[in-house]
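In the working numbering, the protein residues as written are 2 to 141.
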């Protein structure tokens with residue numbers, strides 16, 4: 002198990018758009034494995050095995066709307082209300098470069114959108130309607 006450093010909101014790299022992955026090799030496989038290990042160790046939100054196996058994801062369709070709490074390991078100790086689609090359909094590649102489609106609703110849709118925002122260089126804090134207190138989060 003290899004754990005990676007979780008970048009925080011002050012680090013410039015989090016605010017830069019990622020380049021598409023073009024090489025599907027052992028280096029990418031190790032990165033994906035390390036990211037999964039890091040997420041598990043940090044008790045991050047995980048909606049399923051494919052969450053970290055979405056390479057070059059793009060939203061094909063979305064519908065509905067949900068307004069709910071969101072946080073981020075890169076913004077520790079803060080939460081806010083964020084509007085997201087209630088359902089999304091993504092197209093992505095797996096670790097070997099094979100294209101596939103996946104759908105998610107509610108929390109899964111929220112997580113997909115949150116992570117895709119990261120790839121575009123955006124944090125959830127840019128989209129919140131208001132911050133939530135610890136007390137409000139405990140009641141949810």
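Using N, Cα and C, we set each Cβ at its ideal position, and we do this for glycine too. On a predicted model such as this, the values are computed, not experimentally measured, just so you know.
With DSSP as the reference, identify every bridge partner of residue i, one or two as the case may be.
i	result
residue 89	63 and 105
residue 74	Answer is none; residue 74 lacks a bridge partner.
residue 82	70 and 131
residue 56	94
Measure the beta-carbon distance from residue i to residue j and round it to whole angstroms, keeping in mind my assumption that it falls under 8 Å.
i	j	result
residue 90	residue 62	4 Å
residue 96	residue 54	6 Å
residue 57	residue 21	5 Å
residue 92	residue 104	At roughly 11 Å, the Cβ-Cβ gap does not stay under 8 Å, so residue 92 and residue 104 are not in contact.
residue 74	residue 7	5 Å
residue 5	residue 34	Their Cβ separation, rounded to whole angstroms, is 10 Å, which puts residue 5 and residue 34 out of contact at 8 Å.
Measuring alpha carbon to alpha carbon, tell me which of the options ends up nearest residue i.
i	options	result
residue 113	16, 78 and 85	85
residue 98	110, 25, 139 and 131	25
residue 10	140, 123 and 139	123
residue 79	38, 67, 135 and 140	135
residue 82	67, 76, 118 and 33	67
residue 12	40, 4, 76 and 23	76
residue 227	106, 100 and 69	Outside the displayed span of the chain (2 to 141) sits residue 227, for which this structure offers no information.
residue 40	100, 69, 116 and 14	116
residue 120	37, 27 and 16	16
residue 38	132, 3, 28 and 23	3
residue 133	94, 118, 42 and 69	69
Assign residue i to one of two classes, buried (16 or more other C-beta atoms within 10 Å of its C-beta) or exposed (fewer than that).
i	result
residue 30	exposed
residue 71	buried
residue 111	buried
residue 64	exposed
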